[in-house]
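Below is one structure, written out as structure tokens, with a few remarks after it.
Protein chains: 2
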Amino acid sequence: MLAALAGGVGAARFLSGVLDVLSPADVVAVVNTGDDVVLHGLHVSPDLDTVLYTLAGAVNPDTGWGLAGESWTAMEALERYGGLTWFRLGDRDLATHLYRTQRLRDGISLSQVTAEVARAWGVEACLLPMSDDPVETRVDVVGEGEVGFQEYFVRRRHAVVASGVRFEGAERARPAPGVLEALATASTIVISPSNPILSIAPILAVPGIREAVTARRRDTVAVSPIVAGAALKGPADRLLTELGHEASVVGVARLYAPLAATLVVDEADAALAHDVEAAGMRCIVTGTVMHGRGEAASLAQTVLSA
Amino acid sequence: MLAALAGGVGAARFLSGVLDVLSPADVVAVVNTGDDVVLHGLHVSPDLDTVLYTLAGAVNPDTGWGLAGESWTAMEALERYGGLTWFRLGDRDLATHLYRTQRLRDGISLSQVTAEVARAWGVEACLLPMSDDPVETRVDVVGEGEVGFQEYFVRRRHAVVASGVRFEGAERARPAPGVLEALATASTIVISPSNPILSIAPILAVPGIREAVTARRRDTVAVSPIVAGAALKGPADRLLTELGHEASVVGVARLYAPLAATLVVDEADAALAHDVEAAGMRCIVTGTVMHGRGEAASLAQTVLSA
Chain R
494 MLAALAGGVG AARFLSGVLD VLSPADVVAV VNTGDDVVLH GLHVSPDLDT VLYTLAGAVN
554 PDTGWGLAGE SWTAMEALER YGGLTWFRLG DRDLATHLYR TQRLRDGISL SQVTAEVARA
614 WGVEACLLPM SDDPVETRVD VVGEGEVGFQ EYFVRRRHAV VASGVRFEGA ERARPAPGVL
674 EALATASTIV ISPSNPILSI APILAVPGIR EAVTARRRDT VAVSPIVAGA ALKGPADRLL
734 TELGHEASVV GVARLYAPLA ATLVVDEADA ALAHDVEAAG MRCIVTGTVM HGRGEAASLA
794 QTVLSA
Chain Z
494 MLAALAGGVG AARFLSGVLD VLSPADVVAV VNTGDDVVLH GLHVSPDLDT VLYTLAGAVN
554 PDTGWGLAGE SWTAMEALER YGGLTWFRLG DRDLATHLYR TQRLRDGISL SQVTAEVARA
614 WGVEACLLPM SDDPVETRVD VVGEGEVGFQ EYFVRRRHAV VASGVRFEGA ERARPAPGVL
674 EALATASTIV ISPSNPILSI APILAVPGIR EAVTARRRDT VAVSPIVAGA ALKGPADRLL
734 TELGHEASVV GVARLYAPLA ATLVVDEADA ALAHDVEAAG MRCIVTGTVM HGRGEAASLA
794 QTVLSA
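Going down the list, the protein sequences come from chains R and Z.
494 is the number of the first residue of the first sequence in the numbering used here; add one for each residue after it.
494 is the number of the first residue of the second sequence in the numbering used here; add one for each residue after it.
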């Protein structure tokens with residue numbers, strides 16, 4: 494059984510590869526909810542939805558998030574009011590948020606509604622939010638002060654300098670039901686190729702999760718989201734630098750060495766394998782850039798063989 | 494200046510006629526919010542929106558509510574989840590609920606967001622919710638017990654027998670800012686052709702409003718929503734009977750006599766004019782069925798001349 498710590502697009506692509514190699518009954522994804530946000534009163538869980546839509550084969554292939562063939566009627570109509578349209582919710586995607594919000598109001602947990610939504614899409618892998626309790630990733634922006642994650646990531650298109658990241662509520666959050674069990678019993682734990690600071694760190698900030706991963710360090714494999722010093726998507730490279738880390742596989746290795754015995758890096762970083770090992774991680778070099786499902790499956794196979 | 498107590502479709506059509514006769518600056522609508530409902534976490538104000546969309550010239554002419562040329566992508570997508578789709582929210586209409594919900598969360602009042610939304614549509618008449626405080630119309634359904642208004646009206650399509658109606662929260666509600674002032678200063682108060690029990694009674698249940706109308710009884714004109722013993726739309730006729738009233742202009746006169754000096758009835762009810770007067774109201778007979786804007790304007794003119 495494989496348990497993966499997962500953020501958004503990179504993790505979703507990796508997991509779709511995993512499902513070409515493993516039975517969905519053997520896959521548990523522990524998904525970041527630190528960038529969940531309430532918009533218009535609706536509970537939006539961007540990473541859960543990206544993983545869900547990807548595994549359902551319904552994701553927009555151009556963006557890696559949102560639904561393919563989406564329409565934007567509600568957002569266009571919202572412009573009349575000068576409403577909050579910087580975070581664009583497609584018409585079909587809105588249904589997911591409407592349903593999730595209604596079910597949470599009905600009193601069920603985020604894990605439960607996530608299971609319902611996954612079932613509706615025929616996704617058989619187990620998707621777990623990291624926690625059913627609210628955790629809010631907040632970013633210190635130089636010259637502005639602290640803003641919510643989506644304010645940083647979407648509204649400012651992460652084109653500002655960050656000086657810190659904090660996970661509001663994390664210390665009071667409990668891992669969602671099934672999370673610690675999955676981490677304890679998985680034959681392999683994977684830290685997906687997601688932003689270490691914005692996607693993986695909030696999961697690890699939920700008390701008990703970092704400890705559970707650390708306890709399985711030997712069976713834990715991380716996939717570097719940094720390739721040749723750059724993030725394939727998003728601000729991971731710049732953010733690592735801004736927060737005093739090195740934007741390289743070596744910087745990633747220094748972050749993950751206490752948690753994972755192995756780091757999988759791209760062939761572009763083969764020359765740094767020795768430095769990764771010096772940072773305390775075994776280094777596996779392979780193709781990690783997932784343009785399509787074949788590459789994702791091949792990466793998954795390499796990770797499982799690690 | 495004209496102040497109208499208003500429910501949904503009938504009131505909206507009447508008010509559109511009023512605006513062919515009066516300047517919008519001289520028209521205040523005090524709109525029922527007893528059938529407001531939170532769906533999927535969104536604050537939906539059906540009567541306010543029906544009046545708004547009608548006065549904006551954007552209403553669906555076939556139904557009398559909702560937007561013309563609407564699409565239903567979000568609702569269709571919600572069916573995948575088995576979500577709450579008995580109350581159908583169109584994609585463009587959703588934007589109104591998204592905006593209203595966000596603004597209420599921002600801390601502004603329902604009156605304020607109503608003014609913003611009206612301005613965005615270029616509606617210059619003053620639309621006021623009856624109250625900024627929550628009032629919830631609840632219906633006792635025989636054999637079921639009490640249900641929310643929309644559960645009765647939309648979900649059961651009012652095809653059940655009611656034994657009572659109650660306005661939860663009304664006793665603690667205050668009239669929205671401007672309501673009592675409009676009723677005190679209007680040259681004419683109109684009780685629109687709306688359901689007396691489900692649309693007008695909740696407005697009158699807000700402490701201060703019934704008294705304000707009663708104090709202006711001589712200048713208050715009601716338009717009967719019952720024509721030839723039947724409601725033009727909705728369950729007003731059956732509901733009047735179920736709750737022990739007479740489903741006729743005479744029954745309406747008995748309800749409104751303490752509040753309004755004059756009742757406008759349709760020509761189909763000319764023979765009952767004497768009985769209306771016996772019930773304590775002056776009776777004006779005219780065409781009250783509004784198929785189009787011309788008829789609405791003509792009815793408005795008659796009401797204003799009363």
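Think of the CB as a built atom: it goes at the ideal place given N, C-alpha and C, for glycine as much as any other residue.
Mind checking which residues open and close the alpha helix (DSSP H) that includes residue i?
| i | result |
| --- | --- |
| R/H784 | Element bounds for R/H784: n/a, residue is neither H nor E. |
| Z/V502 | 502 to 511 |
| Z/I682 | Segment 681 to 684 is the beta strand (DSSP E) holding Z/I682; no alpha helix (DSSP H) there. |
| Z/R731 | 729 to 735 |
| Z/E563 | From DSSP, Z/E563 is part of no alpha helix (DSSP H); its letter is neither H nor E. |
| R/L697 | 694 to 698 |
| Z/I702 | 702 to 708 |
Report the option in the options whose CA atom is closest to the CA atom of residue i.
| i | options | result |
| --- | --- | --- |
| Z/N553 | Z/H590, Z/L621, Z/D586 | Z/D586 |
| Z/V653 | Z/L571, Z/A771, Z/G638 | Z/G638 |
| Z/A567 | R/T707, R/E739, R/G583 | R/G583 |
| Z/E674 | Z/F642, Z/G780, Z/A708 | Z/A708 |
| Z/S604 | Z/R649, Z/A561, Z/S538 | Z/S538 |
| Z/M623 | Z/T607, Z/W614, Z/A611 | Z/T607 |
| Z/A663 | Z/P670, Z/I696, Z/R648, Z/V647 | Z/I696 |
| R/A753 | R/L535, R/A772, R/D759 | R/A772 |
| Z/A679 | Z/A522, Z/T781, Z/D555, Z/G575 | Z/A522 |
| R/L541 | R/S791, R/L508, R/A793 | R/L508 |
| R/S741 | R/V714, R/G727, R/T755, R/V769 | R/V769 |
| R/L532 | R/T556, R/G641, R/A504 | R/G641 |
| R/E569 | Z/R573, Z/G576, Z/L591, Z/G557 | Z/L591 |
| R/A613 | Z/A611, Z/E629, Z/R573, Z/R711 | Z/R573 |
| R/P728 | R/F646, R/P700, R/A698 | R/F646 |
| R/E661 | R/R649, R/A694, R/L676, R/P670 | R/A694 |
| R/R649 | R/Q794, R/F580, R/L676, R/A504 | R/F580 |
| Z/R670 | Z/G701, Z/A715, Z/S692, Z/Q643 | The question names Arg, yet the displayed sequence has Pro at residue 670 of chain Z. Considering only alpha carbons, the answer is Z/G701. |
| Z/H536 | Z/A504, Z/R667, Z/D625, Z/A698 | Z/D625 |
| Z/I690 | Z/A715, Z/V716, Z/L733, Z/T713 | Z/L733 |
| Z/D759 | Z/G744, Z/A746, Z/I777 | Z/I777 |
| Z/T713 | Z/V743, Z/R775, Z/R665 | Z/R775 |
Looking at the structure shown, is residue i part of a helix, part of a strand, or coil, going by DSSP?
| i | result |
| --- | --- |
| R/R650 | coil |
| R/G744 | helix |
| R/I601 | coil |
| Z/A522 | strand |
| R/A799 | coil |
| R/H535 | The displayed chain sequence assigns Leu, not His, to residue 535 of chain R. Strand, per DSSP. |
| Z/L515 | coil |
| R/V544 | helix |
| Z/A549 | coil |
Kindly identify the DSSP beta-bridge partner or partners of residue i.
| i | result |
| --- | --- |
| Z/T755 | Z/V714, Z/R775 |
| R/G657 | R/D633 |
| Z/S624 | Z/P668 |
| Z/I719 | Z/A724 |
| Z/V530 | Z/V537 |
If you measure from the CB of residue i, is any heavy atom of the ligand GDP nearer than 7 Å?
| i | result |
| --- | --- |
| Z/V521 | Ligands displayed in this structure: none; no statement on the ligand GDP is therefore possible. |
On the DSSP letters alone, give me the boundaries of the beta strand (DSSP E) that residue i sits inside.
| i | result |
| --- | --- |
| R/E639 | 638 to 641 |
| Z/A499 | 495 to 499 |
Could you list which residues in chain C have their beta carbon closer than 8 Å to that of residue i, in chain order?
| i | result |
| --- | --- |
| Z/Q595 | Although the question refers to chain C, the structure presented lacks it and instead comprises the protein chains R and Z. |
Q. Are at least three pairs of beta-carbons, each pair with one atom in the region 545 to 564 of chain Z and one in the region 716 to 725 of chain Z, less than 8 Å apart?
A. no
Q.
Counting beta carbon pairs with one atom in the region 495 to 507 of chain Z and one in the region 526 to 534 of chain R, are three or more of them shorter than 8 Å?
A. no
Q.
Within 8 Å, do at least three Cβ pairs link the region 676 to 690 of chain R to the region 761 to 779 of chain R?
A. no
Q: Give a yes or no on contact between the region 618 to 626 of chain R and the region 507 to 522 of chain R, applying the rule of three or more CB pairs nearer than 8 Å.
A: yes
Q: Answer yes if the region 649 to 664 of chain R comes into contact with the region 625 to 641 of chain R, meaning at least three C-beta pairs across the two stretches below 8 Å, and no otherwise.
A: yes
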